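Engineer: The structure that follows is given in the form of structure tokens.
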DNA sequence: CTAGGTGATGACAGCGGCTGACGTCGCGCG
DNA sequence: CGCGCGACGTCAGCCGCTGTCATCACCTAG
């Protein structure tokens with residue numbers, strides 16, 4: 155009876171992921187996605203600024219999750235402690251139930267350079283937001299930007315492991331390990347010592 | 155006498171940068187760029203895979219420069235020493251004479267999100283190449299990826315400073331400072347100490 | 001000197017992403 | 001009851017980008 159049903163963007167996103175996964179990203183036109191849920195191409199572009207965005211919409215939530223970890227941290231926290239806090243907070247967006255969905259989504263992204271570009275861009279936006287907040291807390295340059303970029307790097311590496319085949323550890327758990335590895339890496343003494351090259355065995 | 159003149163891609167690149175800077179990126183069509191140097195749109199796309207690429211062509215040289223620093227490094231080098239070596243090597247591509255050209259180019263990129271996406275993508279490709287080489291040297295995951303990403307992060311921050319207004323330090327000089335800052339940042343003791351938050355005054 | 005190959009380019013047609021303008025319809029509100 | 005609003009459809013059109021084929025200078029073999 156209703157002229158149009160609710161949850162339009164959600165249905166478009168689901169349909170797009172399905173079509174991309176089965177027919178390929180470039181082989182799927184925006185009009186096809188729209189028609190598969192009973193809409194027109196014009197409506198698709200009213201919900202998403204461009205075709206790629208249908209896979210990335212909602213990542214502002216991720217920025218908020220990272221920032222939430224920062225505002226909750228104590229004033230005396232060091233930059234690296236803030237990074238850790240942001241990562242812990244963001245990990246809540248990646249519960250085990252979403253792992254399979256993330257795997258499917260990522261498999262689509264990995265098969266198309268244009269989608270990889272958009273993904274990297276989103277990470278940059280995230281890093282920029284983190285950097286702004288860190289500067290707002292009195293952290294000076296270039297420390298603020300370095301810390302922000304390190305956070306997204308650790309997140310990226312952790313996410314890759316999280317959706318890896320057979321991986322069962324939780325996102326937080328992986329993030330802590332990777333962050334420790336980063337600390338270990340940069341803190342390594344440049345002086346010559348036996349077996350210094352392989353930083354860790356695992 | 156010749157049917158076509160040499161250096162076609164170079165002339166297209168120069169014309170594109172000029173037009174982008176004066177009229178804006180989106181307002182400039184590929185056909186306009188081509189016609190401004192006496193060619194057709196079709197020829198433009200034979201030289202560059204897409205419109206954005208006219209601003210980024212040649213960045214494979216940067217990958218080579220980074221990698222050259224790695225192959226020249228001694229076998230016992232730690233990951234961070236390798237990062238430092240790669241950065242020093244890459245700095246040779248950014249002599250003071252190119253600073254103004256880089257500034258103009260960057261001002262165009264900063265005004266268009268699509269160009270920023272492409273730039274980030276190129277940095278990712280660079281990081282991936284660095285990661286591969288580091289793994290080839292026996293560095294394990296996630297250390298290899300973390301080191302590679304850190305290298306591009308330090309490079310990015312350094313480049314931003316290098317083209318900053320009034321900046322006169324050389325690229326190598328800036329890179330060394332930023333890299334030291336990254337070491338200092340991640341190595342900072344998590345334990346509470348007076349005035350620990352602002353890592354550095356400058 | 002001629003025939004044929006090569007490589008960069010032009011000309012043309014066409015698809016798909018994306019946009020602006022405008023009209024339609026159901027809904028809630030005064 | 002009339003009105004505006006908001007989501008959507010329709011249409012026309014630009015531009016990025018591609019496949020296909022023809023063209024023309026140059027070069028090489030015979």
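Protein chains in written order, with the numbering used here: chain U, 155 to 356; chain A, 155 to 356.
Even glycine gets a Cβ: it sits at the ideal position worked out from N, Cα and C.
All figures in this text were calculated on a predicted structure; none of them were measured in a lab.
1. Count the other CB atoms within 10 Å of the CB of residue 243(A); is the residue buried (16 or more) or exposed (fewer)?
2. From the beta carbon of residue 270(U), is the nearest beta carbon of chain A less than 8 Å away?
3. On the DSSP letters alone, give me the boundaries of the alpha helix (DSSP H) that residue 165(U) sits inside.
4. May I ask you to report which of helix, strand or coil DSSP gives residue 355(A)?
5. Specify the secondary structure class of residue 339(A) as computed by DSSP and reduced to three states.
6. Name, going along the chain, the residues of the segment 213-239 of chain U whose beta-carbon falls closer than 8 Å to a beta-carbon of chain A.
7. From residue 213(A) to residue 207(A), what does the alpha carbon distance come to, in whole angstroms?
8. At least one CB of chain A closer than 8 Å to the CB of residue 211(U): is that the case?
9. Taking the alpha-carbon positions, what's the residue 263(U) to residue 331(A) distance?
10. On the criterion of 16 or more Cβ atoms from any shown chain inside 10 Å, does residue 200(A) qualify as buried, or is it exposed?
11. Which of helix, strand or coil does DSSP assign to residue 249(U)?
12. By Cβ distance, which residues of its chain are closer than 7 Å to residue 277(U), with the 5 residues on each side in sequence left out?
13. Measure the Cβ-Cβ separation of residue 284(U) and residue 220(U) and say whether it is below 8 Å.
14. Would you tell me roughly how many angstroms separate the C-alpha atoms of residue 169(U) and residue 260(U), rounded to the nearest one?
15. In whole angstroms, what is the alpha-carbon distance linking residue 215(U) and residue 308(A)?
16. How would you call residue 228(U), buried or exposed, if buried means at least 16 neighbouring beta carbons within 10 angstroms?
17. With a threshold of 8 Å, are at least 3 pairs of Cβ atoms found where one atom belongs to the segment 241-258 of chain U and the other to the segment 313-333 of chain U?
18. So, under 8 Å CB-CB, residue 361(A) and residue 334(A) are touching, yes? Tell me the CB distance rounded to an integer number of Å.
19. In whole angstroms, give me the CA-to-CA distance for residue 176(U) and residue 289(A).
20. Please compile the residues from chain A whose C-beta is within a distance smaller than 7 Å of the C-beta of residue 335(U).
21. Taking the Cβ atom as the reference point for each residue, do residue 340(U) and residue 238(A) lie within a distance shorter than 8 Å?
22. State the Cα-Cα distance for the pair residue 313(U) and residue 183(A), rounded to the nearest angstrom.
Structural biologist: By the coordinates alone:
1. Looking up residue 243(A) in the second chain gives position 89. Label assigned to residue 243(A): buried.
2. For the purposes of this step, residue 270(U) is taken as residue 116 along the first chain, with counting starting at 1. So yes, residue 270(U) belongs to the interface.
3. What you label residue 165(U) is simply residue 11 of the first chain in a count that begins at 1. Following the DSSP letters along the chain, one finds residue 165(U) inside the alpha helix (DSSP H) bounded by residues 162-177.
4. Against the second chain, residue 355(A) aligns to sequence position 201. Confidence at residue 355(A) is low in this model, with a pLDDT of 39, below 50, so its placement is unreliable and no value can be given for it.
5. Residue mapping note: residue 339(A) aligns to position 185 of the second chain, counting from 1. Here residue 339(A) sits in helix by DSSP.
6. 229, 230, 231, 232, 233, 234, 235
7. The sequence position of residue 213(A) within the second chain is 59, counting from 1. The sequence position of residue 207(A) within the second chain is 53, counting from 1. Using only the alpha carbons, I get a separation of about 10 Å.
8. Taking the first residue of the first chain as 1, we reach residue 211(U) at position 57. Answer no: the Cβ-Cβ gap between residue 211(U) and chain A never drops below 8 Å.
9. Locating residue 263(U) in the first chain gives position 109, counting from the first residue. Locating residue 331(A) in the second chain gives position 177, counting from the first residue. Taking the straight line from one Cα to the other gives about 36 Å.
10. The residue you call residue 200(A) lines up with position 46 of the second chain. Its Cβ having fewer than 16 others within 10 Å, residue 200(A) is exposed.
11. By one-based count along the first chain, residue 249(U) stands at place 95. Here residue 249(U) sits in coil by DSSP.
12. Residue numbering aside, residue 277(U) sits at position 123 when the first chain is read from its first letter. 306, 310.
13. By one-based count along the first chain, residue 284(U) stands at place 130. By one-based count along the first chain, residue 220(U) stands at place 66. Closer than 8 Å, so yes.
14. As a position in the first chain, residue 169(U) is number 15, starting the count at 1. As a position in the first chain, residue 260(U) is number 106, starting the count at 1. Approximately 16 Å between the Cα atoms of the pair.
15. Your numbering for residue 215(U) matches position 61 in the first chain. Your numbering for residue 308(A) matches position 154 in the second chain. Each residue's Cα considered, the two are about 27 Å apart.
16. Walking along the first chain from the start, residue 228(U) turns up at place 74. Residue 228(U) is exposed by the Cβ-count criterion.
17. yes
18. Any property of residue 361(A) remains undetermined from this structure, which presents chain A solely from 155 to 356.
19. Along the first chain, one-based indexing puts residue 176(U) at 22. Along the second chain, one-based indexing puts residue 289(A) at 135. Those two C-alpha atoms are separated by around 33 Å.
20. The residue labelled residue 335(U) in the question sits at position 181 within the first chain. Per Cβ cutoff of 7 Å: 296, 297, 300.
21. Position 186 of the first chain, counting from 1, holds the residue named residue 340(U). Position 84 of the second chain, counting from 1, holds the residue named residue 238(A). No; because the gap between Cβ atoms is not below 8 Å, this pair is not in contact.
22. As a working note, residue 313(U) is residue 159 in the first chain. As a working note, residue 183(A) is residue 29 in the second chain. C-alpha separation (whole angstroms): 39 Å.
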